[in-house]
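The next block holds one structure in the form of structure tokens; read it before the comments.
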Amino acid sequence: MFTPKTGAAWWGFVIGSLVLSAILVAVLQAVPQRFRRPIILTATFIGGLFYALEFFLPVAPMPTPQDPNRMGNFLTPYVVPFADTLPVIAGFTVGLGVINLFLLHGRRILKGATGWTNSLVFFIAFFLMLTFGILDKTAPEGSIPKNIYYLLQEGAYQALDATMFSIIAFYIVSAAYRAFRVRSLEATMLLITAMVVMLGQITVGQMLTNWLPEQSESFWGNFRVEVMRDWILTKANTPAVRAINFGLGVGSLAVALRIWLGLERGSYFDSQR
Amino acid sequence: MSEFLETHKDTLVLWIGAICTLGFYSILYRENRIYRFFEHLFLGLAMGYGVANVWTDTLQPKWWEPLVHRGHWWLIFVMIIGLFYYFVYSPRYNWLARLVIGFFLGVTSGRAFQAFVNDYWPQIPTSFKPVIPHGPVTTPDGQTLPALTWSDALNNILFMVILLCVMSYFFFSFEQKHPVLKRSAQLGRWLMMFTFGAIFGSTIMGRLALMIDRMDFLVNDFGPQIGGPWVMFLVLIGLAGLVLYLSKRAAERGEDTGAI
Amino acid sequence: MLRVLRFLQTVDRRFLYALLMLVVVTPFFINFQLPARVSTATRRLYDTIESLPEGSFVLLGVDWGAGTRGESRPHTEALIHHLMRKRLRFALLAFDPQGKKLAQNIALRLQEQYGYREGVHWVNFGYKVDQENYLKAFGPDIIGTVKQDIHGNPLGQLEVMKGIKNANDIALLLDVTGSSTYETYIQFLQGPYKLKMGLGTTSVMAPEAFNRLDAGQLVGLIPGLAGATEYERLLGIPGKGTRATNSSNAAHLLVITFILLGNLAMVMERRLRAQGGAL
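Residue numbers (my numbering), protein chains in the order written: chain A, 130 to 402; chain B, 903 to 1162; chain C, 167 to 445.
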């Protein structure tokens, strides 16, 4: 049944699939309210079961043309088709954000609210980029779509994106100057560490302690600013990051388990609508 | 049109880029219409770019192409599942969206075990570090381990102390009443300042790098379009002077103190 | 005196902005540069690439956009320079929509210099969504998952992919990123296939990445702009990173000066107030 079709057969199967999907939606919609939550929890559990079992079940040699040394269990052959399909489904969700923005800016234009011209700019920019972005893939070199896309992407989009993030530099300098005050022991430690890291990562900072011997030659080499920076990053910062990471990892695993087993409570799982 | 674009596209890109950059930077003075215009332009372009790329790089080759040109009719169901997400906007059919979202949450949860093992397990054995200095050692399988100096050993001890102290700070499952645990948690909080300081120092560099890149574009890439980098430099100084003058006037009128 | 000290703690933000712009732009006109000292993390990545035999296949993740271009572009440029100089085959793979185009431009610009050809020596897999699931499929079957390059050419027919079937055929995995994509690479590609992995990360994320270096999950890393400058020095090719060094120096000194001034003024003001004087 799941073989490629052409011509009328293809149309038949496509239309049949659509009809079947519509029936499925109608059947699902007819499910009484009290059964909906258990169905969602079951779908969640089944969704998680595949990867979990595939990972936990014992493996044996299972060679393929792509990988003669492959090890796996009975679920392993389905990993590629399963994992390959999910990004496509995720691709279809791209419209969710678009709809939200369309509703927001569409309403503003229709009501003629303050800033409606900006909303119009949003729509024009969106459709221009979308159209020429799609045309760019197949348009020949030197064609109008290719060049317009070049202007939109390289000229406007990249410049705006890069500038948006670069503005933070101004804010962070101002914020650092205003907020970085030695008001407590913690703040002082933070300030000293930040200063050493900042000096150690710039060449002029490294020059300040250039007069000290190399680290390999003398004990005093440990006080070169770039050596201190390296020490902070690799010896003092690393274990602290790792400890935070362990907490994060265990926490996120616990949350994953709660979601998978349907133990999580809250508006999403408990909603009755 | 086609010929004009082909001949002048590089010049146009520089001009568009410079105008967009300066337009966005106008926020540094204060909230204004020019900034709002470019903000919405950016939003539209970013959204359009994202959607176009999802089509050209994912949906077109992996869904449209096999569905339409290779007869893989069953891919219609993939679209149907994807479209279930859109029921989120319908109060009546909303639960169908939650059904598919629940499935994907499950997939993410099931995948979390592998993610955890590959991500965190290698970090556990490498946290146990040698603390007794020794010379070079040859293991039974012929590998030569380098010597461990006194300073290495000291650093390793410090590594483990920091790790344990910071971990103890995150023991929230019970009240930290024991004096040893209490102290180590407090020490852990102080030691975390090394990390936050390092992150802050690095963040400064990161943000400055982005700004340097933009200034490099304005002065060295776009500058030659208006007579050279020096001319753009003078233009920037002029703009900065104008902003300072306007700010001073606003401050005199009590409209803006410029403190934040 | 108190007024001066108060002023030093409350300088107008726009005055700071103007000063910052000035100290960043002025060094563009100065040609002299201080040499950067190369850190162990950067050198380890350089040495790893140096040790790869000619023709080895490298997967280069380009998960960055214009938002982190100031740091990620010099990383990508330096790494592509190095890969081409070492005559290694490589593939670009982006989980950021801008990454594929930005990296493509860099590779196209550099390929002539090294006699490289797209499709023969390197390939662009393009932009992909859902990194976790994508990598789950990518690892066991690269050709079947990627299917075609960004121009729509079937991947299996490209010369660059000769002998490359699954992740075990990847000699080195590199990721240049401004986000946490490298963690997902560790979870679903580096970890399961025990791949050597290198990282070019933004300064903001570098402190976290050092943890992975210590754990052996990374063989080396290029931390931010400083790392880019160091890598360019190792290559002997001054690029964007080196060009930004003077501006970075000046801007850092400005930040440090103002933080110190603010603190000094605060401490002095406290002392004066404690003495009860408004001198």
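Even for Gly, the Cβ is constructed at its ideal location relative to N, Cα and C. If you're wondering where the values come from, they're calculated on a predicted model, not measured in any experiment.
In chain order, what residues of the stretch 924-937 of chain B put their CB closer than 8 Å to some CB of chain A? Phe926, Tyr927, Ile929, Leu930
Whole-angstrom distance between Gln175/C and Leu445/C, CA atom to CA atom: Bear in mind that the predicted position of Leu445/C carries a pLDDT of just 48, short of 50, making it unreliable; the figure below should be weighed with that in mind. So the alpha carbons of these two residues sit roughly 17 Å apart.
Residues of the stretch 1025-1049 of chain B with a CB closer than 7 Å to any CB of chain C: list them in chain order, please. Gln1025, Thr1028
Okay, do the stretch 200-214 of chain C and the stretch 222-238 of chain C touch, 3+ Cβ pairs below 8 Å being the bar? no
For chain A, find out if any of its Cβ atoms is closer than 8 Å to the Cβ of Thr960/B; answer yes or no. yes
When the Cβ atoms of the stretch 202-220 of chain A are set against those of the stretch 301-313 of chain C, are three or more pairs found closer than 8 Å? yes
Those residues which DSSP pairs with Ala257/C across a bridge: Leu225/C, Val289/C
Are the C-beta of Phe1135/B and some C-beta of chain C separated by less than 8 Å? yes
If we cut at 8 Å on Cβ distances, does Met432/C have a partner in chain A? yes
Roughly how many angstroms separate the alpha carbons of Met167/C and Phe348/A, rounded to a whole number? 44 Å
Selection of the stretch 368-380 of chain A by Cβ proximity to chain B, strictly under 8 Å: Pro368, Ala369, Val370, Arg371, Ala372, Ile373, Asn374, Phe375, Gly376, Gly378
Report the option in Ser345/C, Pro404/C, Gly382/C, His418/C whose CA atom is closest to the CA atom of Gly265/C. Ser345/C
Rounded to whole angstroms, what's the CA-CA distance from Leu382/A to Ile1003/B? Just pull it up for me. 19 Å
Can you find a CB in chain B that lies within less than 8 Å of the CB of Ala207/C? no
Please confirm if Gly241/A has its CB atom under 8 Å from at least one CB of chain B. no
DSSP state of Ile1003/B, grouped into three classes? helix
So with Cβ pairs under 8 Å, would you call Gly220/A a contact of chain B? Yes - at least one Cβ of chain B is within 8 Å of the one on Gly220/A.
Neighbourhood of Thr267/A by C-beta, 7 Å cutoff - its chain only, sequence neighbours within 5 removed: none
What's the C-alpha gap between Arg210/C and Leu379/C? 10 Å
For Phe255/A and chain D, any beta-carbon pair shorter than 8 Å? Of the chains in the structure shown, none is chain D; the protein chains are A, B and C.
Anything in the stretch 297-310 of chain A with a Cβ closer than 8 Å to a Cβ of chain C? List those residues in chain order, please. For the stretch 297-310 of chain A, the beta-carbon criterion of a distance under 8 Å to any beta-carbon of chain C is satisfied by Ala298, Phe299, Val302, Ser303, Ala305, Tyr306, Arg307, Phe309, Arg310.
Taking all protein chains shown into account, do 16 or more other C-beta atoms lie within 10 angstroms of the C-beta of Gln1016/B, making it buried, or fewer, making it exposed? buried
Which residue's Cα is closest to the Cα of Ala381/C: Ala244/C, Lys360/C, Tyr282/C? Lys360/C
Less than 7 Å between C-beta atoms, sequence neighbours within five positions excluded: which residues of the same chain meet that for Glu967/B? none
DSSP three-state label for Ala189/A, please. strand
State the start and end residues of the unbroken alpha helix (DSSP H) segment that holds Asp959/B. No alpha helix (DSSP H) holds Asp959/B; DSSP gives it neither H nor E.
Which chain A residues sit within Cβ distance under 8 Å of Gly265/C? Those do not exist, as Gly265/C stays about 12 Å from chain A at its closest Cβ, beyond 8 Å.
Pairwise C-alpha distance: Pro1035/B and Pro1131/B: 58 Å
Residues from the stretch 293-311 of chain C in contact with chain B, defined by Cβ distance under 7 Å: Using a CB distance below 7 Å, the part of the stretch 293-311 of chain C facing chain B consists of Tyr293, Lys294, Val295, Glu298, ordered along the chain.
Could you check whether the Cβ of Ala385/A sits closer than 8 Å to any Cβ belonging to chain C? no
Between Gly305/C, Val342/C, Val312/C, Leu254/C, which has its C-alpha nearest Tyr282/C's C-alpha? Leu254/C
Between the Cα of Ser1086/B and those of Ala172/A, Ala369/A, Val333/A, spot the shortest distance and give me the residue it belongs to. Ala369/A
If I'm right that Asn172/A touches Phe1005/B with Cβ under 8 Å, what's the distance once you round it to whole angstroms? Position check: residue 172/A holds Ala in this sequence, whereas Asn was assumed. That belief holds up - the Cβ atoms of Ala172/A and Phe1005/B are roughly 4 Å apart, short of 8 Å.
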